[in-house]
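One structure is given below, encoded as structure tokens.
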Amino acid sequence: DSRKRCRRLLTVSVAALLVFLVWIHGEVVTVQLTEASKKYLMNENVFQEKVKQEIRSRRKNATANATAVAFGGSNHVSTTMDAATKEESVTDANSTYETALRQDVSLHNTSTINATIVVFLSGEMGNHLSILAKALCVQLMAENEYNITAKLVFRHQSHPKWTRAREDLERCFPNLRGFNFSAANSVAFDDFSIAQDQLLLTHGGWDPAKLKLISDFDNKTSIQNSLAYWKNMLDSPSIPTNNETSDVLEVTFPFLSVAVWCPLDILDQHLDEIRDFFEFEKSFCCRLQPDIDESVFHLRNFLLEMPRKGKKMGFEELSPNKTAWELFRHLNQNDKIAITSRFGGNDVGPYVLALKERGLQVRVIENQTGTQDFCFLWSAKKELVGTRLSTFVDWAAFLGQAKRVNLYRVMSPDTHATTFPIFNWTHPKLRNRVYSNVYKSEEQDALEVN
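My numbering puts the last residue of the sequence shown at 450; the count rises by one with no breaks.
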């Protein structure tokens with residue numbers, strides 16, 4: 001054991017020394033942004049109108065010979081597609097369209113990259129949207145409040161569901177097409193990350209944990225504290241900062257880490273930028289549409305996925321009876337409800353029966369892909385209802401069009417409705433539109449009676 005510890009310590013020390021020497025003596029390559037990519041950079045507030053027009057124009061006129069700005073594995077930006085990409089693009093119109101729109105999109109307008117935010121992606125589509133939104137908000141705050149111009153570098157999890165999530169994102173959100181979501185998936189980055197922690201500790205006693213925005217409890221204040229700490233670190237002569245990327249990595253030293261959900265207070269502050277960035281591609285991602293007078297209900301059904309431990313983990317939704325008589329008590333007889341569900345089939349049946357007994361007209365949306373279900377939720381006009389625990393319905397609500405949204409929570413002996421505290425929105429697209437009402441489960445009712 002002692003030998004293993006010595007070898008491990010020696011390996012980390014050598015890696016740290018090599019990285020340090022590369023920073024001081026090695027050649028570095030400055031990221032060069034082409035004029036073509038600058039067209040697609042987002043300013044501090046919203047997309048410029050001419051950028052929107054250019055994107056629409058590229059959609060209509062994309063051809064097999066279209067040039068693209070690739071956000072790829074190298075640390076310079078190419079203005080033309082490589083041969084393999086060109087060959088792919090001529091196979092069909094969709095492939096041509098997608099490769100022609102690959103852009104280095106950012107939430108700031110600059111030609112200089114002097115810092116890096118590494119974004120750790122996990123989960124499926126809803127989780128990815130939340131993590132990406134958090135990263136984009138942090139990037140905006142760094143630029144606007146601390147004069148730190150940072151690019152985003154991505155690292156994804158190894159679970160197979162990642163592939164489906166990436167495909168969904170690229171299909172439905174044009175501004176994510178062409179991102180290199182694997183830029184930090186390498187042994188080189190693993191070594192670099194370990195070396196960074198060691199160097200920060202040994203050069204001035206900096207705390208590397210303060211550069212990790214990876215907590216479920218992050219908020220605007222904690223993010224500002226980390227950004228202020230990062231700014232002081234970048235300005236300090238006590239550490240060998242390197243603001244340029246190398247041939248191996250797209251990551252500068254010291255980098256900031258971002259993971260998990262987007263805090264509601266920064267979402268509230270930057271909703272306009274987020275909604276503009278997550279422009280939704282209806283032509284590739286939609287099939288059925290809700291009626292204008294139809295309430296849309298998303299049944300996530302966590303307990304079907306986690307029957308033994310779901311409740312103890314807080315993943316609890318209302319029963320069919322509570323859904324019909326409490327969640328939708330505001331509806332009148334013959335009002336219409338459309339239900340989407342991850343699982344569908346017989347598992348939705350009890351909810352359909354309870355809602356019909358309540359006198360409501362009910363239809364179940366079936367035989368759709370996940371992205372088509374997301375589009376259905378996003379397209380709700382009258383009302384969208386679903387559990388606050390589902391990032392899938394959360395982001396359909398935040399980005400969507402429904403006049404009223406209820407991201408409800410359950411109070412039960414297991415959850416106590418504390419998983420997501422109530423937040424008072426200030427943004428006009430959220431205030432008086434998005435609610436998070438609390439409902440008691442049957443078990444909670446029984447507990448209070450006794």
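Heads up, the beta-carbon is just placed ideally off N, CA and C, and yes, glycines get one too.
Proximity winner among the options, relative to residue i (alpha-carbon distances)
i: Asp335; options: Ala396, Ser193, Asp293; result: Asp293
i: Val438; options: Leu353, Glu316, Gln333, Val352; result: Glu316
i: Asp452; options: Asp265, Arg433, Lys440; result: In this structure the chain extends from 1 to 450, so residue 452 is not present and cannot be described.
i: Ala402; options: Leu267, Leu384, Val258, Ser226; result: Leu384
i: Ser538; options: Leu389, Val138, Gln372; result: An answer regarding residue 538 cannot be provided, because it is not within the stretch 1 to 450 covered by the chain.
i: Ala115; options: Leu264, Leu227, Val364; result: Leu227
i: Phe328; options: Phe423, Arg300, Val362, Lys429; result: Val362
i: Asp291; options: Val449, Leu360, Lys382; result: Lys382
i: Val410; options: Leu399, Leu129, Thr426, Ile422; result: Ile422
i: Thr149; options: Ser236, Thr252, Pro208; result: Thr252
i: Trp425; options: Ala184, Leu267, Ile239, Ile131; result: Leu267
i: Asn232; options: Leu249, Asp207, Asn432, Arg275; result: Asp207
i: Ile274; options: Gln289, Ala133, Arg358, Gln444; result: Ala133
i: Leu129; options: Glu448, Val449, Asn450, Phe398; result: Phe398
i: His427; options: Ile339, Leu318, Leu264, Asn180; result: Leu264
i: Phe343; options: Phe192, Ser379, Phe302; result: Phe302
i: Asn367; options: Gln196, His270, Glu143, Ser341; result: Ser341
i: Leu447; options: Ser412, Arg433, Tyr435, Ser436; result: Ser412
i: Ser436; options: Asn450, Glu442, Leu407; result: Leu407
i: Arg452; options: Gln444, Val449, Gly400, Glu443; result: The first residue shown for the chain is 1 and the last is 450, placing residue 452 beyond what the model contains.
i: Ala380; options: Ile239, Gln196, Ile339; result: Ile339
i: Ile223; options: Leu389, Ser390, Cys137; result: Cys137
i: Gly359; options: His330, Tyr146, Ser390, Ala188; result: His330
i: Asp168; options: Trp378, Ser390, Phe374; result: Phe374
i: Asp197; options: Ala188, Ala209, Val187; result: Ala209
i: Phe376; options: Ser319, Thr387, Phe297; result: Phe297
i: Val260; options: Ala188, Gln269, Val119; result: Val119
i: Ser295; options: Gln157, Ile337, Lys151; result: Ile337
i: Ala142; options: Thr202, Ser390, Leu234, Ile131; result: Leu234
i: Ile452; options: Thr202, Asn185, Tyr146; result: The requested residue 452 is not part of the displayed model; the chain covers only 1 to 450.
N-terminal and C-terminal residue of the alpha helix (DSSP H) that residue i is part of
i: Asn406; result: Here Asn406 belongs to no alpha helix (DSSP H); instead the beta strand (DSSP E) covers 404 to 411.
i: Gly349; result: 349 to 357
i: Arg166; result: 161 to 172
i: Ser182; result: From DSSP, Ser182 is part of no alpha helix (DSSP H); its letter is neither H nor E.
i: Ala338; result: Where Ala338 is concerned, there is no enclosing alpha helix (DSSP H), although the beta strand (DSSP E) it sits in stretches over 336 to 341.
i: Val385; result: It is not in any alpha helix (DSSP H) - Val385 instead sits in the beta strand (DSSP E) that spans 383 to 387.
i: Val393; result: 391 to 399
i: Leu327; result: Segment: none, Leu327 is in no alpha helix (DSSP H) and carries neither H nor E.
i: Gln196; result: 187 to 202
i: Thr371; result: 370 to 378
i: Cys286; result: Counting along the chain, Cys286 falls outside any alpha helix (DSSP H), and DSSP gives it neither H nor E.
i: Glu250; result: Element bounds for Glu250: n/a, residue is neither H nor E.
i: Ser238; result: Unbroken run through Ser238: none, as it is neither H nor E.
i: Asp276; result: 271 to 277
Residue range of the unbroken beta strand (DSSP E) whose run includes residue i
i: His156; result: 150 to 156
i: Gln361; result: 361 to 364
i: Val296; result: 294 to 299
Residue i - partner residues in DSSP beta bridges
i: Ile117; result: Leu152, Leu256
i: Val438; result: Arg409
i: Lys322; result: In DSSP, Lys322 forms no bridge with anything.
i: Leu478; result: The displayed coordinates of the chain run from 1 to 450. Any statement about residue 478 would go beyond what the structure contains.
i: Cys429; result: The sequence shown places Lys at residue 429, rather than the Cys named in the question. According to DSSP, Lys429 bridges with nothing at all.
i: Leu176; result: For Leu176, which the question treats as bridged, DSSP gives no partner whatsoever.
i: Leu264; result: According to DSSP, Leu264 bridges with nothing at all.
Outcome for residue i when other beta-carbon atoms lying within 10 angstroms are tallied against a minimum of 16
i: Ser215; result: exposed
i: Thr392; result: Checking the displayed sequence, the identity of residue 392 turns out to be Phe instead of Thr. Result: buried.
i: Gly178; result: buried
i: Leu211; result: buried
i: Asp190; result: exposed
i: Leu430; result: buried
i: Asn219; result: exposed
i: Val405; result: buried
i: Arg300; result: buried
i: Arg287; result: exposed
i: Asn225; result: exposed
i: Thr91; result: Low confidence applies to Thr91: its pLDDT is 34, below 50, so where it sits in the model is not reliable, and the reading given next is rough at best. Thr91 comes out exposed.
i: Gln333; result: exposed
i: Asp445; result: exposed
i: Phe217; result: exposed
i: Pro459; result: Absent from the model: residue 459. The displayed extent of the chain is 1 to 450, so no value can be given.
i: Val449; result: exposed
i: Val348; result: buried
i: Val153; result: buried
i: Asp272; result: exposed
CB contact below 8 Å: residue i versus chain C
i: Thr163; result: You won't find chain C in this structure, because it holds only one protein chain.
- Message: Below 8 Å, how does it come out for the region 269 to 285 and the region 164 to 174: are there three or more Cβ pairs, yes or no?
- Response: A contact exists between the region 269 to 285 and the region 164 to 174.
- Item | Touch test, the region 321 to 330 against the region 350 to 359, Cβ-Cβ under 8 Å, three pairs minimum | Using a Cβ-Cβ distance cut-off of 8 Å, the region 321 to 330 and the region 350 to 359 are in contact, since at least three pairs of beta carbons, one from each stretch, lie closer than that value.
- Message: Three Cβ pairs or more, each shorter than 8 Å: is that satisfied between the region 152 to 165 and the region 120 to 138?
- Response: yes
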